[in-house]
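Here UniProt numbering is used: the first residue of the sequence shown is 1, the next is one more, and so on.
Don't be surprised by glycine CBs; every beta carbon is placed ideally from N, CA and C.
Worksheet: one structure, shown below.
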Amino acid sequence: MVGFLYTPSIWITSNSRLFNISISSRCKRGYLEDSKKYFALAVSKNIQPSNGEGLTQKDAKQRALEGVLQQIEKTYGRGSIMRLGEIESMKVETTPSGSVTLDAALGGGYPRGRLVEIFGPESSGKTTLALHAIAEVQKSGGVAAFVDAEHALDPAYGSSLGVDIQSLLVSQPDTGEMALEIVDQLVRSAAVDIVVIDSVAALVPRSEIEGDMNDQQMGAQARLMSKALRKITGSMSRSQCTVIFLNQLRQKIGVLFGSPEVTSGGMALKYYSSVRLDIRRKDTLKDNVGIRCKVKIAKNKIAPPFRVVELNILFGKGIDTYGCLLDAAEELGLVIRKGSWYSYGGNNIAQGKDACVEYMKSHSDFVSQLELQVRGKLAGMVIPREMDVDVEPVYD
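Encoded structure:
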């Protein structure tokens, strides 16, 4: 019924006669055309294997598959082809974003070894999100790099967000080619855990810088981005480095239907990104202490997309982490709000959200336990009751 590939021969029988078909030298060098031909011939003529093992067609195909896999590994090296369930690196790990609610929407955080794009209008919080991601990586002992193509990074603001500016790697390149080459080398080194590029619109091709103002550079930046991403993507997966591109919005001319907004740098970044965040400024907080932003997950390859999260960004302080944690705990039923009072474990915490946030700032143990419970519930785990902390009751 089938023919079976042995090295270096194929043994088949027909009408109780045993035949040995030698494999050509081309097949020995890795070309399997001849073996495929003989295998198909054996199947079409219903030839049964006669090697004393009584192999079925399924067994013969399995042996042939193992032979092909061995040949591929011999030619291209160990690990060039594997079964998906055996590849540990395919299990996507995540890095916290700095906001519990955003982590929940992303499916755990920013994926490691993947490309992330954060885009939106001016002063919407793009750089703040990126700096919080850097701070979270540094907290876990990782190495971070910031490619400042806009030449506008504020060290004092980064420090107030928790970024260790003494260890942060910073580059202010002159051209887009220089910036992307630096990113490629950092990713290939496998020594950097996160790289942020601010921003795509500021990656100016060398030909545009060296040319005159009247020169037309059609698609130069898009070609530059497309070539760079083809090189960087494979290196990211192997080094488990997260690369975050910040991007600006532009207006398309003559659009009558649909949104006229488009991001800079062509289409390549949209295709290569595993996660795309659309962040918009929604409102100004009371007393002008910050802004409220709406983040939409425009694309997500590791969790369901199109989720929407609202964040408070405080001027000079970054994301309101206490407020985000409180909102997530309330949504999950860990913190109960009755009227204006917030309660946890049957005990009142405070009256009003602002008072509750102030309570959290002065009770770090409570915050740590609440965050542990929130992240555990988001991951489908249950935190044992003996790990709960006591909450000081507040009476009205």
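With 16 other CB atoms within 10 Å as the buried threshold, where does TYR146 fall?
First, the residue type needs correcting, since residue 146 is Phe and not Tyr in the sequence shown. Buried is the call here.
CB of VAL262 within 7 angstroms of CB of ARG281, strictly
no
Give the DSSP-derived three-state secondary structure of PHE306 in the structure shown.
coil
Within 7 angstroms, strictly: CB atoms of GLY109 and LEU131:
no
So ASP193 and VAL137 are supposed to be a Cβ contact under 8 angstroms. How far apart are they, rounded?
5 angstroms
Beta-carbon contacts of LEU129 that lie in its chain and below 6 angstroms, excluding the five residues immediately before and after:
ILE118
On the DSSP letters alone, give me the boundaries of the beta strand (DSSP E) that GLN251 sits inside.
249–251
Cα-Cα, which of LYS227, LEU269, ILE291 is closest to ILE279?
ILE291
Among GLY345, VAL275, GLY318, whose alpha-carbon lies nearest the alpha-carbon of ASN300?
VAL275
Determine the extent of the alpha helix (DSSP H) in which GLY162 is found, giving its start and end residues.
Neither: GLY162 is in no alpha helix (DSSP H) and is coded neither H nor E.
Over what stretch of residues does the alpha helix (DSSP H) that includes ALA222 continue unbroken?
220–239
Taking the straight line between their C-alpha atoms, what separation do you get for ASP82 and GLY266?
Checking the displayed sequence, the identity of residue 82 turns out to be Met instead of Asp. Distance between the alpha carbons of MET82 and GLY266: 34 angstroms.
Report all residues from its chain with a CB closer than 7 angstroms to the CB of PRO173; omit the five preceding and five following residues, and keep chain order.
VAL147, ALA149, ALA179, ILE182
Where does ASP212 land, buried or exposed, given buried means 16+ other C-beta within 10 angstroms?
exposed
Determine which residues share a DSSP beta bridge with ASP184 and list them.
None, per the DSSP bridge assignment.
In whole angstroms, what is the alpha-carbon distance linking GLY79 and ARG238?
12 angstroms
Sorted by chain position, which residues of the same chain lie with C-beta nearer than 8 angstroms to MET316's C-beta, five sequence neighbours on each side aside?
Before going further, note that residue 316 is Gly rather than Met in the sequence given. TYR157, SER160, listed in sequence order.
Taking GLU93 as the reference, which of ALA303, GLN71, LEU326, LYS139 has the closest Cα?
ALA303
Which residue wins for smallest C-alpha separation from SER167, given the options LYS139, LEU332, ASN312, SER264?
LYS139
Nearest-angstrom beta carbon gap, ILE209 and THR175 [assumed within contact, 8 angstroms]
6 angstroms
According to DSSP, simplified to helix, strand and coil, what is SER50?
Here the model assigns SER50 a pLDDT of 46, short of 50, so the residue's position is not dependable, and the following value carries that caveat. The answer is coil: DSSP assigns SER50 none of H, G, I, E or B.
Using C-beta distances below 7 angstroms, list every residue in its chain close to VAL309, excluding the 5 sequence neighbours before and after it, in chain order.
THR101, LEU102, ALA105, VAL295
Threshold first: 4 residues or longer. Then list the alpha helix (DSSP H) segments lying entirely within the UniProt domain "RecA family profile 2" (254–324), N to C.
268–272
Drop a sphere of 10 angstroms on the beta-carbon of ALA152, count the other beta-carbons inside from all chains shown, and report buried for 16 or more, exposed for fewer.
exposed
Using the three-state DSSP reduction, which class does GLN172 fall into: helix, strand or coil?
coil
Pick from LEU372, VAL68, GLY234, LEU115 that is closest to PHE245, judged by C-alpha positions
LEU115
My output table needs one value for ASP212: the three-state DSSP class, helix, strand or coil.
coil
Over the uninterrupted alpha helix (DSSP H) stretch that includes VAL367, give me the two end residues.
364–378
Below 8 angstroms CB to CB, which residues in the same chain sit around SER340 once its five sequence neighbours on both sides are set aside?
GLN351, GLY352
Hey, quick one: how far does the alpha helix (DSSP H) through ARG337 stretch, first residue to last?
Here ARG337 belongs to no alpha helix (DSSP H); instead the beta strand (DSSP E) covers 336–338.
Tell me the DSSP bridge mates of SER343?
ILE336, ASN348
Give the DSSP bridge partners of TYR359, in chain order.
Note: TYR359 sits in no beta bridge, so no partner.
Report the three-state DSSP secondary structure of GLU117 (helix, strand or coil).
strand
Residue from LEU224, GLY162, LEU325, CYS241 with nearest C-alpha to SER364:
LEU325
Among the candidates GLN369, ASP354, MET225, whose CA atom is the shortest distance from the CA of LYS286?
ASP354
Let me know if MET218 comes out buried or exposed under the rule of 16 or more other beta-carbons within 10 Å of its beta-carbon.
exposed
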